[in-house]
Amino acid sequence: NAGVTQTPKFRILKIGQSMTLQCTQDMNHNYMYWYRQDPGMGLKLIYYSVGAGITDKGEVPNGYNVSRSTTEDFPLRLELAAPSQTSVYFCASRIMTSGKETQYFGPGTRLLVL
Amino acid sequence: GENVEQHPSTLSVQEGDSAVIKCTYSDSASNYFPWYKQELGKRPQLIIDIRSNVGEKKDQRIAVTLNKTAKHFSLHITETQPEDSAVYFCAAKYSGGGADGLTFGKGTHLIIQP
Numbered sequence: 336n337a338g339v340t341q342t343p344k345f346r347i348l349k350i351g352q353s354m355t356l357q358c359t360q361d362m363n364h365n366y367m368y369w370y371r372q373d374p375g376m377g378l379k380l381i382y383y384s385v386g387a388g389i390t391d392k393g394e395v396p397n398g399y400n401v402s403r404s405t406t407e408d409f410p411l412r413l414e415l416a417a418p419s420q421t422s423v424y425f426c427a428s429r430i431m432t433s434g435k436e437t438q439y440f441g442p443g444t445r446l447l448v449l
Numbered sequence: 012g013e014n015v016e017q018h019p020s021t022l023s024v025q026e027g028d029s030a031v032i033k034c035t036y037s038d039s040a041s042n043y044f045p046w047y048k049q050e051l052g053k054r055p056q057l058i059i060d061i062r063s064n065v066g067e068k069k070d071q072r073i074a075v076t077l078n079k080t081a082k083h084f085s086l087h088i089t090e091t092q093p094e095d096s097a098v099y100f101c102a103a104k105y106s107g108g109g110a111d112g113l114t115f116g117k118g119t120h121l122i123i124q125p
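Just so you know, the sequences run in chain order P and B. Going by my numbering, the first sequence opens with residue 336, and the numbers climb by one from there. Going by my numbering, the second sequence opens with residue 12, and the numbers climb by one from there.
See below:
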């Protein structure tokens, strides 16, 4: 299994541009998450999904959108990029089983907005 | 919502000594507390976790303790080695329905001095 994969690894955007960060997992996990990590800080939850067709906001959802049309994919959309969205973005997933809480993280996407 | 405080932000110890990192949480409903290790430029990886029905858990040189009354939990690393150098994050969540996703502390940069 490849686990959780993310593309691209690195991207530079101009203010006002849009882009989609891709996340795919091949572990048949129900739950998927998007976090952002600012320099020297912990991770903050942007959005999460408990299954295909179901998404919900996390702590910092403004400026982002998500969709979950399949179990495997959970893309994150930035519509109008702003410098405040410069960050490292991590996707994560976990299985929906009682007692199984471990979240598996992807390698991250480093985004720079200029 | 949940708030997690983590101390210290930087911890330097001699190789072979012990290291202790402490976290407090605000939501008494939280019942799952993982610890993640993140090496420079890499993804966070789970090293140990504990549930609120357990006071202590050990895994070789790593242990976590939980005090539900005081709402704090700690990571203990004994016989530290150079490969323990990394940033460590504590996190908390309520596992039992409702909103999902982890709330992270800001991280502790652990430096192992040779």
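Built from N, CA and C at the ideal position, the CB exists for glycine as well.
Item	Value
For Phe115/B, which residues in the same chain have their Cβ closer than 6 Å to its Cβ, ignoring the five residues on either side in sequence?	Phe100, Ala102
If you draw a straight line from the alpha carbon of Ser353/P to that of Val31/B, how long is it in whole angstroms?	43 Å
Between Gln125/B and chain P, is there a C-beta pair that is closer than 8 Å?	One point to set straight first is that residue 125/B is Pro, not Gln, in the sequence displayed. Cβ-Cβ to chain P under 8 Å: no for Pro125/B.
Tell me whether the stretch 427-444 of chain P and the stretch 16-24 of chain B touch, counting them as touching only if at least three CB pairs, one residue from each stretch, are closer than 8 Å.	no
By alpha-carbon positions, which one of Gly434/P, Cys426/P, Gly398/P ends up nearest to Tyr105/B?	Gly434/P
Checking 8 Å against the spacing of the C-beta atoms, do Thr421/P and Arg429/P come in under that value?	no
Pop quiz: Lys68/B and Ile58/B are said to be a contact at Cβ under 8 Å. What is the actual Cβ separation, rounded to whole angstroms?	Actually they do not touch by this definition, with Cβ atoms about 11 Å apart.
Pull up the distance between the alpha-carbon of Gln81/B and that of Leu121/B, whole angstroms please.	Per the sequence presented here, residue 81/B reads as Ala, with Gln not at that position. The straight-line gap from Cα to Cα measures roughly 25 Å.
Using the three-state DSSP reduction, which class does Ser353/P fall into: helix, strand or coil?	coil
Quick one: is Val395/P near chain B, going by C-beta distance under 8 Å?	no
Does the Cβ of Leu415/P have 16 or more other Cβ atoms within 10 Å, making it buried, or fewer, making it exposed?	exposed
Check whether the stretch 31-46 of chain B touches the stretch 81-94 of chain B, counting contact only when three or more Cβ pairs, one atom from each stretch, lie closer than 8 Å.	yes
Considering just the uninterrupted stretch of the beta strand (DSSP E) at Ala427/P, what are its terminal residues?	422-429
So the candidates are Pro396/P, Pro343/P, Leu449/P, Ala417/P; which of them puts its Cα closest to the Cα of Tyr368/P?	Pro396/P
Given that Tyr368/P touches chain B, what residues does it touch there, using C-beta distances under 7 Å?	Gly112
Check whether the Cβ atoms of Ile61/B and Ile73/B lie closer than 8 Å to each other.	no
For Ile389/P, tell me which candidate among Asp111/B, Glu13/B, Val75/B has the shortest Cα-Cα distance.	Asp111/B
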